[in-house]
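These notes are about the structure you will find just below.
Numbering (our numbering), first residue to last: 394 to 681.
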């Protein structure tokens, strides 16, 4: 029912992921920015966890093969239906053959495109999500791929109006502040390093992806050397490698890791981390 004309940098199918399977070594995956996924689904009257499309940085171009209702949320980006600019924060109706063009993000990194009825691809361990680390779920989408759409749960009442549009993500040069609670291995960071963390200038690495947000530009001094046996980790865990450059785990993180977890982001900061662009300045704030 939907054809991928151009997938941009990375276009994947995402829902809320594979919860409850970490003890089997199965990562959760799912939308990197869960709040944006829920909002896109709400725009078209879907359940919050219905599968949608996650476009990274450069957007995506899609063609409707049947009448569709779509909603876009997440990163700020120009959106066109054909050559007509689409209203922000409202559902859009596509006739067969019409093109939805979600352009390059001007603020934020990930845009979510929901279709009434949800993207219908086979479930893998209870989820339709693409996991780029484990390879579970459908492969990242390519030009020419087609996707089915599930039946709408109800006649479809759009839930958000233009007045409900949230604040846009910070611009590419704006500092993103991420707040973290002390992690189980906070004592592996030097006490003064954690105390001065808010004044430590970090930059998002070009090597960041759905697995993790890598920070460069500064170092966090360790209080001790050595490594740990692998321990369970969760989204938002802030690991401190021997390099002293923190790594923040995102949606496709592994289930275990051997570097000390010095902090864990709160839910709002985890959503914000998913929208950080390569080269963007980042500030970590620790609270105990």
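Note that CB positions come from ideal geometry on N, CA and C, so glycine has one too.
Can you list, in chain order, the residues of its chain whose CB lies under 6 Å from that of residue 514, leaving out five sequence neighbours each side? Taking the first residue of the chain shown as 1, we reach residue 514 at position 121. Cβ within range, chain order: 406, 521 and 531.
For residue 535, which residues of its own chain have a beta-carbon under 8 Å away from its beta-carbon, when the five flanking residues on both sides are left out? Residue 535 sits at position 142 when you count from the first residue of the chain shown. Excluding sequence neighbours, residue 535 sits near 397 and 400.
Could you name each continuous beta strand (DSSP E) segment of 3 residues or more that falls completely within the stretch 534–605, going from the start of the chain to the end? 539–542, 569–575 and 595–597
Residue 550 versus residue 439 - alpha carbon distance: Your numbering for residue 550 matches position 157 in the chain shown. Your numbering for residue 439 matches position 46 in the chain shown. Confidence at residue 550 is low in this model, with a pLDDT of 49, below 50, so the placement of that residue should be treated as unreliable; the coordinate-derived value is given next. About 9 Å.
C-beta atoms of residue 587 and residue 631 nearer than 8 Å: Translated into the one-based positions of the chain shown, residue 587 becomes position 194. Translated into the one-based positions of the chain shown, residue 631 becomes position 238. Cβ atoms of residue 587 and residue 631: not closer than 8 Å.
When the Cα of residue 355 is compared with those of 569, 626, 627 and 652, which residue comes out closest? Lying before the first or after the last residue shown, residue 355 is absent from the chain, which here runs from 394 to 681.
Would you check if the distance between the CB atom of residue 451 and the CB atom of residue 523 is smaller than 8 Å? For this step, residue 451 is matched to residue 58 along the chain shown. For this step, residue 523 is matched to residue 130 along the chain shown. Not in contact: residue 451 and residue 523 (Cβ atoms no closer than 8 Å).
Which first and last residues belong to the beta strand (DSSP E) in which residue 428 is found? Position 35 of the chain shown, counted from the first residue, corresponds to residue 428. Premise fails: residue 428 lies in the alpha helix (DSSP H), 427–436, not in any beta strand (DSSP E).
Can you tell me which residues form a DSSP beta bridge with residue 620? Residue 620 sits at position 227 when you count from the first residue of the chain shown. Paired residues: none, contrary to the question.
Where does residue 409 sit, in a helix, a strand or coil, going by DSSP? Here residue 409 refers to the residue found at position 16 of the chain shown. In the structure shown, residue 409 sits in coil (DSSP, three-state: anything other than H, G, I, E or B).
Range covered by the beta strand (DSSP E) that runs through residue 680: Along the chain shown, read from residue 1 onward, the residue named residue 680 stands at position 287. Residues 674–680.
In whole angstroms, give me the CA-to-CA distance for residue 527 and residue 420. Within the chain shown, residue 527 is the residue found at index 134, counting from 1. Within the chain shown, residue 420 is the residue found at index 27, counting from 1. Approximately 8 Å, taken between the alpha carbons.
Strictly by DSSP, which residues pair up with residue 399? Working through the chain shown from its first residue, we reach residue 399 at position 6. Beta-bridge pairing links residue 399 to 454.
Beta carbon of residue 569 nearer than 8 Å to that of residue 563: The residue labelled residue 569 in the question sits at position 176 within the chain shown. The residue labelled residue 563 in the question sits at position 170 within the chain shown. Contact flag set, yes.
State the Cα-Cα distance for the pair residue 655 and residue 457, rounded to the nearest angstrom. By 1-based counting over the chain shown, the position of residue 655 is 262. By 1-based counting over the chain shown, the position of residue 457 is 64. Approximately 46 Å, taken between the alpha carbons.
Starting from the N-terminal side, write out each stretch of the beta strand (DSSP E) that is 3 residues or longer and does not extend beyond the stretch 456–485. 461–469 and 472–474
Got a sec? Which residues, its chain only, sit under 7 Å from residue 391 by beta carbon, not counting five neighbours each side? With the chain represented from 394 up to 681, any question about residue 391 goes unanswered, as that position is not in the structure.
Segment limits, beta strand (DSSP E) that includes residue 493: Counted from its first residue, the chain shown places residue 493 at position 100. Element bounds for residue 493: 492–495.
Which residues in the same chain have their Cβ closer than 7 Å to the Cβ of residue 512, if we skip the five residues on either side of it in sequence? Locating residue 512 in the chain shown gives position 119, counting from the first residue. Once the five neighbours on either side are set aside, the close Cβ partners of residue 512 are 406, 444, 445, 446, 521, 540 and 542.
Beta-bridge partners of residue 508, as assigned by DSSP: The residue you call residue 508 lines up with position 115 of the chain shown. For residue 508, DSSP records a beta bridge to 463.
Relative to the alpha-carbon of residue 415, which residue among 518, 464, 500 and 589 has its alpha-carbon at the smallest distance? Within the chain shown, numbered from 1, the residue matching residue 415 stands at position 22. It is 518.
Residue 437 and residue 509 look like a contact to me (Cβ under 8 Å); what is the Cβ gap, rounded to whole Å? Position 44 of the chain shown holds residue 437. Position 116 of the chain shown holds residue 509. So it is a contact: roughly 4 Å between Cβ atoms.
What residue does the alpha helix (DSSP H) around residue 664 start on, and which one ends it? Numbered from 1 along the chain shown, position 271 holds the residue referred to as residue 664. Per DSSP, residue 664 belongs to the alpha helix (DSSP H) from 660–667.
Go to residue 449, then tell me how far its beta strand (DSSP E) extends in each direction, as first and last residue. The residue you call residue 449 lines up with position 56 of the chain shown. That run of the beta strand (DSSP E) goes 445–449.
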